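Taking it in order: structure first as structure tokens, then the write-up.
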Amino acid sequence: KAGVTQTPRYLIKTRGQQVTLSCSPISGHRSVSWYQQTPGQGLQFLFEYFSETQRNKGNFPGRFSGRQFSNSRSEMNVSTLELGDSALYLCASSFTGVVTEAFFGQGTRLTVV
Amino acid sequence: GIQVEQSPPDLILQEGANSTLRCNFSDSVNNLQWFHQNPWGQLINLFYIPSGTKQNGRLSATTVATERYSLLYISSSQTTDSGVYFCAVRMDSNYQLIWGAGTKLIIKP
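In the order they appear, the protein sequences are chains X and B. By my numbering, the letter at position 62 of the first sequence is numbered 62, and the numbering carries on one by one without gaps. Just add 113 to the spot in the second sequence (first one is 1) and you have my numbering.
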């Protein structure tokens with residue numbers, strides 16, 4: 001059974017640009033969550049999607065957005081990149097999103113210069 | 114909101130030693146997971162353990178939900194056990210995992 005796949009693995013972008021990250025969950029899983037990890041803030045929740053609907057959103061500015069497709073694949077977009085957006089972005093997949101185990105992809109390491 | 118505290122923040126041990134990592138949480142949870150983050154950043158699932166005790170090889174975990182804590186035991190440590198260990202919890206009707214700050218474990222040969 002394939003795991004959670006995140007693409008790309010590494011990205012270097014310039015301030016002001018926008019970026020789109022992709023996450024393909026485990027087959028059959030309908031919940032996808034996104035987290036940002038930085039040395040200073042630890043792991044922070046961005047948003048969660050289930051059956052193409054956003055069910056919860058963390059405390060991030062509107063520059064951070066996401067969506068989920070009918071095949072459960074998810075994308076997150078960050079517009080007008082800032083230096084502080086440099087981080088490891090992790091995607092989690094689970095069957096329902098609440099009382100089920102979450103599995104993570106390898107992450108996308110974004111560097112903003 | 115719910116608070117998750119992990120201790121100790123750092124732990125340095127010799128190969129072969131045993132260790133106990135602790136996770137305290139401030140409210141009732143219906144989901145608790147332990148992860149090991151490797152040097153490349155990937156979070157590896159260790160245990161899904163909202164309550165009770167589980168064992169997997171040299172690792173075991175116990176969650177006492179009524180007292181709001183969980184313990185991760187690592188026996189006969191190996192250098193490959195090095196990394197950061199995270200505890201994460203989820204509450205009823207809440208779709209996000211709340212994370213502890215992690216325990217950084219260094220196993221010296």
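The C-beta atom is built at its ideal place from N, Cα and C for all residues, glycine as well. All of these numbers come straight from a predicted model, not from anything done at the bench.
Quick one: what's got a C-beta closer than 7 Å to residue i's C-beta in the same chain, skipping five residues either side?
i, result
"proline 121/B", "Thr216"
"leucine 81/X", "Lys13, Arg15, Gly16, Gln17, Gln18, Val19 and Val112"
"serine 188/B", "Asn131 and Arg171"
"serine 86/X", "Leu110, Thr111 and Val112"
"threonine 176/B", "Leu145, Ile162, Pro163, Ser164, Gly165 and Ser183"
"glutamine 36/X", "Gln44, Leu46, Ala87 and Tyr89"
"asparagine 137/B", "Glu118, Arg181 and Tyr182"
Any C-beta of chain B sitting closer than 8 Å to the C-beta of residue i?
i, result
"arginine 109/X", "yes"
"phenylalanine 60/X", "no"
"valine 112/X", "no"
"glutamine 17/X", "no"
"glutamine 106/X", "yes"
Residue range of the beta strand (DSSP E) that residue i falls in?
i, result
"glycine 66/X", "64-68"
"isoleucine 187/B", "182-187"
"alanine 178/B", "Alanine 178/B -> no beta strand (DSSP E), and no H or E assigned at all."
"histidine 149/B", "144-150"
"glycine 3/X", "Unbroken run through glycine 3/X: none, as it is neither H nor E."
"tyrosine 208/B", "Per DSSP, tyrosine 208/B belongs to no beta strand (DSSP E) and is neither H nor E."
"valine 112/X", "108-112"
"glycine 165/B", "165-169"
"alanine 102/X", "That residue, alanine 102/X, is in no beta strand (DSSP E); it is neither H nor E in DSSP."
"phenylalanine 199/B", "196-203"
"glutamine 54/X", "53-57"
Which partner residues of residue i appear in the DSSP bridge assignment?
i, result
"glutamate 118/B", "Asn137/B"
"methionine 76/X", "Leu21/X and Gly66/X"
"glutamine 37/X", "Leu43/X and Leu88/X"
"phenylalanine 160/B", "Trp147/B"
"serine 27/X", "DSSP, once it has assigned bridges, lists no residue as partnering serine 27/X."
"lysine 124/B", "As written in the sequence, residue 124/B is leucine, which differs from the lysine given in the question. In DSSP, leucine 124/B forms a bridge with Leu218/B."
"alanine 174/B", "Lys167/B and Leu185/B"
Does the CB of residue i have a neighbour CB from chain X at under 8 Å?
i, result
"leucine 210/B", "yes"
"methionine 156/B", "In the sequence under discussion, the amino acid at residue 156/B is leucine, which differs from the methionine named in the question. Leucine 156/B counts as touching chain X."
Excluding the 5 residues flanking residue i on each side, which residues of the same chain have their C-beta closer than 6 Å to its C-beta?
i, result
"serine 22/X", "Thr7 and Glu75"
"glycine 196/B", "His149, Gln150 and Asn151"
"tyrosine 10/X", "Arg109"
"isoleucine 211/B", "Ile115, Val117 and Val202"
"isoleucine 219/B", "Ile125 and Ser195"
"arginine 30/X", "Phe50, Ser51 and Ser72"
Enumerate in chain order the residues of its own chain whose CB-to-CB distance from residue i is below 8 Å, with the five nearest sequence positions on each side excluded.
i, result
"glycine 66/X", "Trp34, Leu46, Phe47, Tyr49, Gln54, Ser74, Glu75, Met76 and Asn77"
Select from the segment 40-55 of chain X all residues with a C-beta closer than 7 Å to any C-beta belonging to chain B, and list them in chain order.
Gly42, Leu43, Phe45, Glu48 and Arg55
Please identify, using Cβ separations under 9 Å, the residues of the segment 120-154 of chain B that lie next to chain X, in order along the chain.
Asn143, Asn144, Gln146, Phe148, Gln150, Trp153 and Gly154
Looking at chain X, which residues of the segment 161-195 of chain B have a Cβ within less than 9 Å of any of its Cβ atoms?
Tyr161 and Pro163
Taking any Cβ of chain B, which residues in the segment 85-102 of chain X have a Cβ under 8 Å from it, in chain order?
Leu88, Leu90, Ala92, Gly97, Val98, Val99, Thr100, Glu101 and Ala102
Using a Cβ-Cβ cutoff of 8 Å, what residues of the segment 22-38 of chain X are near chain B? List them in chain order.
Ser31, Ser33, Tyr35 and Gln37
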